[in-house]
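Plus 3 on top of the position in the sequence shown (first one is 1) and you've got my numbering. Think of the CB as a built atom: it goes at the ideal place given N, C-alpha and C, for glycine as much as any other residue. Predicted, not measured: the structure shown is a model, and the values here were computed from it.
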Amino acid sequence: MPVLRWSAPLRAALAVALACVAAVPVPAMSAQSRFVGTYYAVRAGADSLQDLTLTLQPSGAAELITRYPGITKTAAGVIVYPYLEKGTWKAAKDGSIDVDLTRAGKLLDVGTWVDVLADNTRVGLRLTGPILATVRDRNRSFGSAGLLFRKSDCR
């Protein structure tokens with residue numbers, strides 16, 4: 004096997020380059036960042052199943068979309084649109100997160116929503132493996148049993 008012989012200037016340059024790479028700080032993963040992602044849940048509604056998609060952004064923005072598969076109009080003939088709720092989320096002291104949804108309306112198309120109203124939904128959720136489960140819900144926004152969301156990459 005041939006032996007590589009590097010010149011002294013090349014070895015010095017390589018040593019400087021490696022020292023620079025080793026000195027670059029690696030950002031620590033925050034406890035909050037493990038929650039970032041998209042989660043899905045299904046629950047029974049009055050007229051159909053409801054598909055729920057909860058998205059938690061690194062910026063702290065939260066979005067919950069409720070879709071009604073299999074139903075396009077009500078019995079009165081009114082078009083049924085997905086329901087969009089927007090707000091924020093943050094880590095709680097107990098290792099869970101608090102999601103505050105402050106605005107809600109009908110989602111007509113991506114980026115277009117109407118009939119936007121103030122919303123006052125606050126829920127606490129705990130992540131265990133791929134499951135994000137309700138741990139606090141004073142107003143029972145997710146029903147008396149709460150919800151279990153599954154992270155998107157584990158769907």
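What is the residue span of the beta strand (DSSP E) that residue i lies within?
i    : result
T131 : T115 to T131
D97  : Neither: D97 is in no beta strand (DSSP E) and is coded neither H nor E.
F152 : L151 to K154
R46  : G40 to A47
T69  : A64 to R70
Are there 16 or more other CB atoms within 10 angstroms of the CB of residue i, so buried, or fewer, so exposed?
i    : result
S99  : buried
A64  : exposed
L120 : exposed
T137 : buried
G73  : exposed
V113 : exposed
G48  : exposed
G40  : buried
L67  : buried
A44  : buried
G132 : exposed
With DSSP collapsed to three states, give me the class of residue i.
i    : result
Q53  : strand
R141 : coil
A31  : With a pLDDT of 42 at A31, under the threshold of 50, the modelled position of that residue is not reliable, and the figure given next carries that caveat. DSSP places A31 in coil when its eight states are reduced to three.
A25  : Since pLDDT at A25 reaches only 41, below the 50 mark, its modelled position is unreliable, and no value is offered.
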